[in-house]
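In the working numbering, the protein residues as written are 161 to 457.
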């Protein structure tokens with residue numbers, strides 16, 4: 161049954177006049193007549209009877225009109241819904257460590273949007289979690305793409321290196337070590353330190369580096385997040401070994417490069433291998449790959 165013919169039928173049933181209906185449909189009157197006659201022949205029913213220059217529905221025509229009206233309403237509503245969904249912005253859900261979410265991630269998103277032809281919106285998580293929490297959220301499919309440290313080697317997560325940070329020593333500006341331009345880690349053991357708590361992925365790494373130097377620092381506070389550690393140092397609570405993050409340049413601290421041992425913290429883009437990615441999300445992943453292909457583990 162021809163969908164156009166059904167729409168012709170509905171229009172004629174409402175106008176009750178072939179000339180007006182043909183004009184509304186922008187077709188010729190013979191074309192409309194042929195369509196209605198074909199529909200009646202297919203159904204084996206008379207749908208209209210002439211009444212002067214007009215036509216009126218038969219009893220069968222009225223029942224058929226009710227059925228067609230209902231069916232076309234459902235069909236048109238479904239088509240409209242699909243078109244609306246198709247025209248909606250694609251949403252890409254991101255999660256990132258705070259140290260990456262202040263500059264690196266917003267900068268990458270802005271550059272992608274400036275070069276993308278797709279209608280896409282990025283949704284940033286309000287949670288400022290640590291890498292294990294972020295990866296847990298990724299596995300629960302709360303996010304499409306994450307930017308964090310590598311948590312484990314399980315095969316369900318694809319990690320791609322996107323940035324690195326060297327470890328540095330930071331001190332208050334009036335600290336005895338603040339005059340140094342570089343320092344060995346062992347030279348910091350004589351001073352109180354703000355360290356990373358066990359929940360931080362950096363804690364075991366820094367403990368291992370200190371072990372190589374023959375001791376462990378005296379910890380006055382153990383904090384989870386990089387920014388909080390730096391904030392305590394800026395307020396005179398001790399010195400710390402932290403990644404050389406952009407935030408440090410905004411705080412009243414002295415940044416001292418480590419001469420020995422040296423170590424770099426690698427950040428990754430993490431995606432769930434079996435998670436459906438929209439075309440826009442795939443484009444963003446490819447965009448990050450292309451812009452950071454020179455970062456190596």
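Cβ coordinates follow ideal geometry from the N, Cα and C atoms, glycine included. Just so you know, these numbers come straight off a predicted model, no measurement behind them.
| Asked | Found |
| --- | --- |
| Identified DSSP bridge partners for residue 381 | 354 |
| Residue 457 classed as buried or exposed, judged by whether at least 16 other C-beta atoms fall within 10 angstroms | Here the model assigns residue 457 a pLDDT of 37, short of 50, so the residue's position is not dependable and the matter cannot be decided. |
| Element boundaries [alpha helix (DSSP H), containing residue 393] | 386-394 |
| Entirely enclosed alpha helix (DSSP H) segments - the segment 189-213, minimum 4 residues | 189-203 |
| Cβ pair residue 324, residue 308 closer than 8 Å | no |
| For residue 270 and residue 357, the rounded distance between their alpha carbons | 34 Å |
| Touch test, the segment 398-408 against the segment 324-336, Cβ-Cβ under 8 Å, three pairs minimum | yes |
| Option in 441, 434, 162 with minimal Cα separation from residue 315 | 434 |
| Cβ neighbour criterion (16 or more within 10 Å) applied to residue 244 | Any answer about residue 244 is weak, because its pLDDT of 49 lies below 50 and its placement is not dependable; what the coordinates show is given next. Exposed, since its Cβ has fewer than 16 Cβ neighbours within 10 Å. |
| Residues that residue 465 bridges to, as DSSP identifies them | Outside the shown range of the chain (161 to 457) lies residue 465, about which nothing can therefore be said. |
| C-alpha distance - residue 418 paired with residue 366, whole-angstrom precision | 12 Å |
| Residue span of the alpha helix (DSSP H) that contains residue 268, given as start and end | 264-275 |
| Sequence-distant residues of the same chain with beta carbon closer than 7 Å to residue 378, five excluded per side | 352, 353 |
| Boundaries (first-last residue) of the alpha helix (DSSP H) holding residue 399 | Counting along the chain, residue 399 falls outside any alpha helix (DSSP H), and DSSP gives it neither H nor E. |
| Residue 136 and residue 225 closer than 8 Å at C-beta | There is simply no residue 136 to check, as the chain begins at 161 and stops at 457 in what is shown. |
| Neighbour-count burial assignment, residue 267, 16 or more Cβ in a 10 Å radius | exposed |
| The segment 184-191 / the segment 215-231 touching (three or more Cβ pairs under 8 Å) | no |
| Residues sharing a beta bridge with residue 429, DSSP | 307, 320 |
| Sub-8 Å separation of residue 216 and residue 176 beta-carbons | yes |
| Length of the line joining the Cα atoms of residue 196 and residue 209 | 12 Å |
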